[in-house]
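*Asks:* 634 is the number that the numbering used here gives the last residue of the sequence shown; the numbers go up by one with no jumps.
The C-beta atom is built at its ideal place from N, Cα and C for all residues, glycine as well.
Remember, predicted model here, so these are calculated numbers, not experimental data.
One structure is given below, represented as structure tokens, and several questions about it will come after.
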Amino acid sequence: MAQSRSTAGQGLHVAIIMDGNGRWAQARGLPRVFGHVAGARAVRRCVRTAGALGLRTLTLFAFSSANWMRPAPEVDALCALMTRHLREEQARLRAAGVRLEVIGRRDRLPGELLEAIEEAERQTSTGTQLCLRLAIDYSSRESILGAARRFHVETARGGAPAGFGRLLATGAEDVDLLIRTGGEQRLSDFLLWECAWAELHFTRVAWPDFGARELRRALRSFAARERRFGALPEKGSAA
Ligand code: IPE
Ligand code: IPE
Ligand code: MG
Numbered sequence: 396m397a398q399s400r401s402t403a404g405q406g407l408h409v410a411i412i413m414d415g416n417g418r419w420a421q422a423r424g425l426p427r428v429f430g431h432v433a434g435a436r437a438v439r440r441c442v443r444t445a446g447a448l449g450l451r452t453l454t455l456f457a458f459s460s461a462n463w464m465r466p467a468p469e470v471d472a473l474c475a476l477m478t479r480h481l482r483e484e485q486a487r488l489r490a491a492g493v494r495l496e497v498i499g500r501r502d503r504l505p506g507e508l509l510e511a512i513e514e515a516e517r518q519t520s521t522g523t524q525l526c527l528r529l530a531i532d533y534s535s536r537e538s539i540l541g542a543a544r545r546f547h548v549e550t551a552r553g554g555a556p557a558g559f560g561r562l563l564a565t566g567a568e569d570v571d572l573l574i575r576t577g578g579e580q581r582l583s584d585f586l587l588w589e590c591a592w593a594e595l596h597f598t599r600v601a602w603p604d605f606g607a608r609e610l611r612r613a614l615r616s617f618a619a620r621e622r623r624f625g626a627l628p629e630k631g632s633a634a
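Here you go:
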């Protein structure tokens with residue numbers, strides 16, 4: 396948690412709602428799935444830049460639990476694309492010292508995707524440079540509900556839960572900066588607990604066009620903000 400930094404992203408947790416793939420493709424007269432293919436390339440660029448900028452954690456919203464409501468061909472294409480991406484990227488991630496973790500439900504994923512996730516997590520488990528978390532079949536409300544149930548069970552057993560956040564499947568790491576691409580200004584059930592004190596950055600740039608320049612711009616905007624966490628401005632900055 397930083398108020399200002401010399402190195403833009405050092406030690407931060409940045410989370411991104413990668414939105415706008417479908418509209419990006421449709422604007423070019425292409426089927427929506429082309430937008431997802433271009434989106435996967437943007438993920439690769441963004442992870443590379445995140446590592447170079449010294450981010451601690453990058454959490455990317457790849458597929459929400461609500462996205463199962465999309466037409467089956469689009470869901471199938473997304474699952475196939477995520478499977479391919481994980482298989483293709485794991486060696487590169489490992490070489491770059493990136494530790495990959497997938498958050499979200501696993502019981503509804505196609506077998507091939509589940510295997511690719513487990514293999515990529517295994518292959519990258521020793522990474523210490525950047526923690527990359529992909530949210531797949533993820534719903535923040537569901538994650539909070541699960542934590543509430545665990546909290547209840549632990550309390551009933553006579554234990555004294557150390558903290559509610561610890562019980563969230565996601566590890567409850569606070570987000571410093573939340574970015575949403577594609578022009579919408581909503582959270583769509585993403586990291587609701589973890590974003591309690593996050594700075595928000597909304598951009599009209601569609602995810603396939605998001606690159607190093609846009610990430611640096613978002614981090615500059617973050618660095619210029621004063622985070623007060625409910626307290627008063629630091630001495631010297633008060634009016
Ligand atoms: C984000 O892009 C990717 C996923 C939600 C899987 P969209 O597919 O939502 O693209 P738009 O918002 O319809 O343009
Ligand atoms: C949020 O985008 C989910 C992901 C980026 C994976 P959506 O496109 O699904 O969100 P809504 O439906 O516009 O809120
Ligand atoms: Mg969308």
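With three or more C-beta pairs closer than 8 Å as the rule, is the stretch 435 to 449 touching the stretch 500 to 510?
*Replies:* The answer is no - the stretch 435 to 449 does not touch the stretch 500 to 510, with fewer than three Cβ pairs under 8 Å.
*Asks:* What three-state label does DSSP hand Val470 in the structure shown?
*Replies:* Val470: helix per DSSP, three-state reduction.
*Asks:* Just verifying my parser: in three-state terms, what is the DSSP assignment at Arg544?
*Replies:* Note: Arg544 maps to helix in three-state DSSP.
*Asks:* Using the Cα positions of Ala593 and Gly415, report the straight-line distance between them to the nearest angstrom.
*Replies:* Between Ala593 and Gly415, the C-alpha separation is close to 22 Å.
*Asks:* Comparing C-alpha positions only, which one of His408, Arg575, Ala467 sits nearest to Phe605?
*Replies:* Cα-wise, what sits closest to Phe605 is Arg575.
*Asks:* Can you tell me which of Leu504, Phe624, Arg517, Thr598 puts its alpha carbon nearest to the alpha carbon of Ser460?
*Replies:* When each option's Cα is compared against that of Ser460, the closest is Leu504.
*Asks:* In three-state DSSP terms, what is Ser534?
*Replies:* In the structure shown, Ser534 sits in coil (DSSP, three-state: anything other than H, G, I, E or B).
*Asks:* Is the stretch 492 to 499 touching the stretch 525 to 536 in the sense that three or more CB pairs, one from each, lie closer than 8 Å?
*Replies:* Taking 8 Å as the limit for Cβ pairs, the verdict is that the stretch 492 to 499 does touch the stretch 525 to 536.
*Asks:* Terminal residues of the continuous alpha helix (DSSP H) containing Ser616?
*Replies:* Element bounds for Ser616: 607 to 618.
*Asks:* Report the three-state DSSP secondary structure of Ala593 (helix, strand or coil).
*Replies:* Note: Ala593 maps to coil in three-state DSSP.
*Asks:* Is the beta carbon of Gly492 less than 9 Å from the beta carbon of Leu448?
*Replies:* Their beta carbons are not under 9 Å apart, which means Gly492 does not touch Leu448 by this criterion.
*Asks:* Between the beta-carbon of Asp532 and the beta-carbon of Trp463, is there less than 9 Å?
*Replies:* Cβ atoms of Asp532 and Trp463: closer than 9 Å.
*Asks:* Going along the chain, which unbroken runs of the alpha helix (DSSP H) with 4 or more residues stay wholly within the stretch 415 to 483?
*Replies:* Here the runs fully enclosed are 416 to 421, 427 to 447.
*Asks:* Below 7 Å CB to CB, which residues in the same chain sit around Leu450 once its five sequence neighbours on both sides are set aside?
*Replies:* Taken in chain order, the residues that qualify are Gly404, Leu407, Val409, Leu525.
*Asks:* Check Arg489 in the structure and name its three-state DSSP category.
*Replies:* Three-state result, Arg489: helix.
*Asks:* Is it buried or exposed, Glu514, if we count other Cβ atoms within 10 angstroms and call 16 or more buried?
*Replies:* Glu514 should be labelled exposed.
*Asks:* In the DSSP assignment, what are the bridge partners of Ile361?
*Replies:* A question about residue 361 goes unanswered here, because the residues of the chain that appear run from 396 up to 634.
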